[in-house]
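> Numbering (the numbering used here), first residue to last: 2 to 128.
Pasting in a structure now, in structure tokens, and then I'll have a few things to ask.
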């Protein structure tokens, strides 16, 4: 189960990267950086949900307990990738990365992470 769950998580990375390119190439040219980031979070959640519905045809999550375990794994993988890639590859400071979690400042990244944790439930319901 764990290897399969990991393999189904992997496509979330290029989806997120493509969404980031879309944000920079289209949204950031038309909106403030803050609004572009907010809209990008929402489009990423939509892309992730569409992906979860699509993979439900091939991958079955065996009940709510497994969906919860896979969701926790996907959440941990996503946060690990975000901080690892963001800091050591993109060169972002820890402070800047943590700032994305500030809902009070209108940062919506926490909603993306919530969606990642719930995606296996989308797979379960769509399957």
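Where a beta carbon is used, it is the ideal one built from N, C-alpha and C, also for glycine.
With H, G and I counted as helix, E and B as strand and the rest as coil, what does DSSP make of residue 55?
Of the three classes helix, strand and coil, the one that applies to residue 55 here is helix, per DSSP.
> Tell me the rounded alpha-carbon separation between residue 78 and residue 31.
Approximately 32 Å, taken between the alpha carbons.
> I need the straight-line Cα distance from residue 45 to residue 23, nearest angstrom please.
Looking at the two C-alpha atoms, the distance is approximately 10 Å.
> Could you say if the region 9-28 and the region 91-99 meet the contact criterion of at least three C-beta pairs nearer than 8 Å?
Output reads no: the region 91-99 does not touch the region 9-28.
> Take residue 37 and list the residues in its own chain whose beta-carbon comes closer than 7 Å to its own, dropping the five residues that flank it on each side.
The answer, listed in chain order, is 24, 28, 29.
> Look at the alpha carbon of residue 108 and the alpha carbon of residue 116, and state the distance between them as a whole number of angstroms.
Computed Cα separation, rounded: 15 Å.
> Along the alpha helix (DSSP H) that carries residue 20, what are the first and last residues, could you check?
From DSSP, the alpha helix (DSSP H) with residue 20 extends over 13-23.
> Quick one: give me the first and last residue of the alpha helix (DSSP H) that residue 9 is part of.
First-last of the alpha helix (DSSP H) with residue 9: 3-10.
> Measuring CA to CA, which of 86, 74, 72 is closest to residue 17?
Checking every option, the nearest Cα to that of residue 17 belongs to 86.
> Pull up the distance between the alpha-carbon of residue 99 and that of residue 60, whole angstroms please.
Approximately 33 Å, taken between the alpha carbons.
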